[in-house]
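J.: My numbering numbers the first residue of the sequence shown as 200 and each following residue consecutively. For reference, the structure I am asking about is given below.
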Amino acid sequence: MLSLKDIKKDYVVGDSTVFALKGVSIDFRENEFVSILGPSGCGKTTLLNIIGGLDRYTSGDLNINGKSTKDFKDSDWDSYRNHSIGFVFQSYNLIPHQTVLSNVELALTLSGVSKSERRERAVKALEQVGLGDQLHKKPNQMSGGQMQRVAIARALVNEPDILLADEPTGALDTETSVQIMELLKSISKDKLIIMVTHNPELAMKYSSRIIKLLDGKVIDDSDPLDKNVVEPIKKPEKEPTKADKKAAKKERKKLKTSMSFLTALSLSRNNLMTKKARTLLTSFAGSIGIIGIALILSISNGVQLYIDQVQSDTLSSYPLQITKTTASIGEIMNTMAKNHEDSANHDKDKVYSQNAMGEMINTLMEETKVNNLEKFKKYLDDNSDLKDLTSDVQYTYATTLNVFTESDSGVMQVNPSTLLEDMGYMSSTQMEAMSMSGSMGGMMGMGTDVWSEMIDNEELIDKQYDVIAGRLPEKYNEVVLVVDKNNEINDYVLYSLGLLDPSSLNGIVRRAMAGEDISVDSEQHVYTYDELLDLKFKVVPTPDFYKKKDGVWEDMTGDESYMKKAVANGTEISVVGILRPDEDASSASISGAIGYRHDLMTYLIDEVDNSEIVKEQIANPDIDVFTGLKFKTDENVADTDSSSETVSDSTADTESKADKTVDNSDTDKKAGLVAGDSSMEIPEGMTEEQYKALMEQSGASDTGELADMGMNAMGSMDMSAIQGGDMSSLTETQKKYIASLSDEQMELMKQMLKEQSDTNADQLANSGKYSTSNYDNNMKTLGYSVVEDPDSINIYPVDFASKEKIIDIIDDYNDSVGEEDKIEYTDYVGLMMSSITSIINAISYVLIAFVAISLVVSSIMIGIITYISVLERTKEIGILRSIGASKRDISRVFNAETVIVGFVAGALGIIISYLLTIPINMIIAHLTDVPIRASIPVSAAVILIAISVCLTLIAGLFPSRVAAKKDPVIALRTE
């Protein structure tokens, strides 16, 4: 079983060599109780350590079950100690911070035995040595004999083949020594026990074989093994096959020892718990750097959150704007500056004119560009990355949002607002220019309209506004009223919405400039939420302002009765909520006092596109529906005499009526029939039977009187009103006459009106005169838009970083299309605030770098503390190695200790930092009005703890390596 062949062991001490063993050869039986006697220094313990695999022989060979150990690796020796050897030491060598049960289980843990089996076998071994009721005691709570029994149980728990006992009774009294020897003797019936002792009496009484050593040599063996007779070493009959080798390799791999990291954590945790105060102080010292970095990050995070909010709020008011017609202001300024420099190349002996106006106009014409927004919109809609980069992409259209209010005194236009014009503050031309810059007005504070489209991002609106009454709009015909942070509404808004009488301001600016005494209502008016939520408005599509007369469409906005009816038939808009800007919001996305949804505009576009006047203009793209004249083009002008004149709308309308010369005889016949004139000839296309039936329906008894009444009534009747079904403009006589007509006569009248209208339109179109307008201007006047082709695009980035990515997307688009389709855009924000985040980050990084020095220093300190722990636990290292722990396992134990210290330091630092943010936020709130709230991001907290663990782990690598390299024999001698 076990055979030593000429074992020699030499120790080099300084310049000399000590020969501890000098050619020892011993063969052992499988089960016997062998005692090795000899004076101190004769080599007994050295021989025991070599047999146990704790020490290596210098020469010779140690055979285990006929296998040489000359080629054993460290892992083979570890496995040998764990599975084949059990150690019982004079000083017990129990791990003090582990319980009795844990001490016994430890060897099984290294063997990879499951937890349940491990506990079962450990309890059984303790019961075998009489300690079944002492499982959860610590070693310092037991007597010397009990601790030695625990050591024996630990040696037996892995069912080893050999039990090595080094002075097992040396520290025990006589009575306890006898008990231990009796226990060992009973064990020797099944196992080989090799005991080193100085007590010859105990050896003679309990041992079955006594070997004596002197000066490193065997001088006596009471019962040597005759190998030729007893237990000969069998040699394999044949060379092992590949299968045999593979099976042997698998068996060796199975027998390899390994300590799990959880076991290492448990050992280290228990050790640290015995030194709670030192562990806590060490962790606190390690947490100082974490606290510093965490506080910097918390303040930086608070500032960054504030900046993000400012960015989000700001960019919701200052989007990237792309208009259909645009000019790069920067390019214009650069070009003009360059042209000015070039023109200054002359002598200074005279005064020269500077062509500033001409250059400005030329440059403006050169730099003005028409963007193909239809194609670009499709590109944006197809871009999947844009959604994450934007709060909203808003498409605006040329369709005018005409809003009115109704009252007993009539209707009032609310949007577009005409208040400043009525006051005499601006001319209509200036108002139009202001209206054209409406999208810019929200940014510049120049807008005159109080209605604005809401950003289509409810989450952002929730952040920027508080709903103080009602709710957010959910339908196209619902809007919200926006008050300021003090729950106040500007009186300009009140006048514009009709809540205050705007007529009191008519001409007030002109009167004031003329020196008249004027007074303005300065009373503070109060409105309840319910009063404001009861507000109703009417939206009227622009085409509804026009009425067809004599084949052309006439603007009826000057007709009060017509406008009352048009407004009454408009779409009702309800105020469903009142919003107030959030106190922490630095900017707001709704530029007006009334915010409406985007789908109100899409609804209005659909209404306009389906109107009769728009359809007529689309069907006749070369005819002006307002005048009936042809649009002037290069082709038709070339076909016209040079003396042909172009007339304005009003002149063309007047002259066209005066120039009617077409034969209307058939129309006159139909008019006579409608009037009941029986003397009229039968009109073309009507049979005699139809004529007689029609005359009978008109009343044959008094046809003359009826004819006179009909002709008189029709002479002054608004025929287009009848055609449209509008009877409000008719006199009582006309209404009576219309009521007397049969259905056939009414149809005949409408047919007659249509023929007159078509005839008039044909006369105008062929009059040789041309409209001063064009097709595009007419469509714009009518508010015609195509959803796929917006008038402008407003892109609202989430933050400045997103804005840069969006610009990259636009640049990518420009790179992929031809020169004519490239997009010019206006970045109103520009570089404003874009560098603030970089500055904050730079400051944070610098501060973190300084604080990180303390973190590194504290990590080094933890490394030193770990090294001290290695020195303190040297004996534990020897114990672990004696039961089969590898060098890697020893490293793992101390790495686990540094991980625990690092985790505690990191967690402690984060907890303290969280507590410190409370007074920090109080101080910030006291010193400044800026809503900055220091807070540590959860991700940053986790990362800091991980950094703390990593740094302490790195700092503990050297001490753990030192621990792994310690000689187990020397480690076991350490007290």
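Note that beta-carbon positions come from the ideal geometry of N, C-alpha and C, so glycine has one too. All of these numbers come straight from a predicted model, not from anything done at the bench.
Give every residue of the same chain whose Cβ lies closer than 6 Å to the Cβ of Ala1095, excluding the five residues on either side of it in the sequence, and list them in chain order.
T.: Ala463, Leu464 and Ser467
J.: With DSSP as the reference, please indicate the residues paired to Tyr995 in a beta bridge.
T.: Asp591
J.: Using a threshold of 9 Å, state whether the C-beta atoms of Ala765 and Phe736 are closer than that.
T.: No, the pair does not count as a contact, with Cβ atoms beyond the cut-off.
J.: Nearest by alpha-carbon distance to Gly1017: which of Asn570, Glu231 and Ile490 is it?
T.: Asn570
J.: Who are the Cβ neighbours of Asp422 in its own chain at under 6 Å, not counting the five residues just before and after it?
T.: Arg408
J.: Would you report the Cα separation of Met458 and Ser315, rounded to the nearest angstrom?
T.: 17 Å
J.: I'd like the list of long-range same chain contacts for Val692, defined as Cβ closer than 7 Å, with 5 residues on each side in sequence excluded.
T.: Val649 and Ala792
J.: Checking the sheet assignment: what are the DSSP bridge partners for Leu611?
T.: According to the sequence provided, residue 611 is Met. The question's Leu does not apply to it. In DSSP, Met611 forms a bridge with Thr604.
J.: Quick check on the burial criterion: 16 or more other C-beta atoms within 10 angstroms. Buried or exposed for Ala321?
T.: Buried is the call here.
J.: Over the uninterrupted beta strand (DSSP E) stretch that includes Phe288, give me the two end residues.
T.: Going by DSSP, Phe288 is part of the beta strand (DSSP E) stretching over Ile284 to Phe288.
J.: What residue range does the alpha helix (DSSP H) around Tyr745 cover?
T.: Unbroken run through Tyr745 is the beta strand (DSSP E), Tyr745 to Lys748; no alpha helix (DSSP H).
J.: Thinking C-alpha only, which one of Leu305, Thr396 and Asp275 is nearest Lys243?
T.: Thr396
J.: Identify whether Leu504 lies in helix, strand or coil by the three-state DSSP scheme.
T.: helix
J.: Would you call the stretch 1165-1172 in contact with the stretch 1062-1077, where contact means no fewer than 3 C-beta pairs closer than 8 Å?
T.: yes
J.: Under the three-state reduction of DSSP, which class applies to Lys764: helix, strand or coil?
T.: In this structure, Lys764 counts as helix in the three-state DSSP scheme.
J.: Could you check what DSSP says for Met394 in three-state terms: helix, strand or coil?
T.: strand
J.: So, helix, strand or coil for Gln520, using DSSP?
T.: strand
J.: Identify every run of the alpha helix (DSSP H) within the stretch 1144-1174, keeping only runs that are complete inside it and at least 4 residues long; order them along the chain.
T.: 1156-1163 and 1167-1172
J.: Look up Asp205 in the DSSP assignment and say whether it is helix, strand or coil.
T.: Strand.
J.: Which value, in whole angstroms, describes the spacing of the CA atoms of Glu436 and Ala402?
T.: In this predicted model, Glu436 has a pLDDT of only 44, less than 50, meaning its place in the structure is not dependable; the value taken from the coordinates is given anyway. Distance between the alpha carbons of Glu436 and Ala402 is about 40 Å.
J.: Pick out whichever of Phe830, Gln612, Val1055 and Ala370 has its Cα sitting closest to the Cα of Val738.
T.: Gln612
J.: Out of Thr647, Thr598 and Ile1122, which one is the CA nearest neighbour of Leu1175?
T.: Within the shown structure, residues of the chain are numbered from 200 to 1174, placing residue 1175 beyond reach of any answer.
J.: Would you be able to state if there are at least three C-beta pairs under 8 Å between the stretch 695-711 and the stretch 801-811?
T.: Not touching, per the Cβ criterion.
J.: Tell me which residue opens and which closes the alpha helix (DSSP H) that Asp580 is part of.
T.: Note, Asp580: alpha helix (DSSP H), Leu572 to Asp580.
J.: What is the rounded straight-line gap between the Cα of Leu309 and the Cα of Val303?
T.: Leu309 and Val303: Cα-Cα distance of roughly 11 Å.
J.: Report the residue from Gln663, Asp700, Arg255 and Leu307 whose alpha carbon sits nearest the alpha carbon of Val682.
T.: Gln663
J.: State yes or no: is the C-beta of Leu671 within less than 9 Å of the C-beta of Glu657?
T.: yes
J.: Just the Cα atoms here: how many angstroms apart are Lys204 and Met346?
T.: 35 Å
J.: Check whether the stretch 265-274 and the stretch 292-302 touch, using three or more Cβ-Cβ pairs below 8 Å as the test.
T.: no
J.: Please tell me whether Thr1025 and Ile654 are closer than 9 Å, where the distance is taken between their beta carbons.
T.: no
J.: Under a Cβ-count criterion, where at least 16 other Cβ atoms within 10 Å of its own Cβ denotes burial, should His282 be classed as buried or exposed?
T.: buried
J.: Would you list the one or two residues that DSSP bridges to Leu412?
T.: Val417
J.: Enumerate in chain order the residues of its own chain whose CB-to-CB distance from Val592 is below 8 Å, with the five nearest sequence positions on each side excluded.
T.: Leu579, Leu585, Ile992, Asn993, Ile994 and Tyr995
J.: Rounded to whole angstroms, what is the Cα-Cα separation between Val602 and Asp1128?
T.: The straight-line gap from Cα to Cα measures roughly 40 Å.
J.: May I have the straight-line CA-CA distance separating Asp798 from Ile1117, to the nearest angstrom?
T.: 46 Å
J.: For the 8 Å Cβ check, are there 3 or more pairs between the stretch 331-346 and the stretch 253-267?
T.: no
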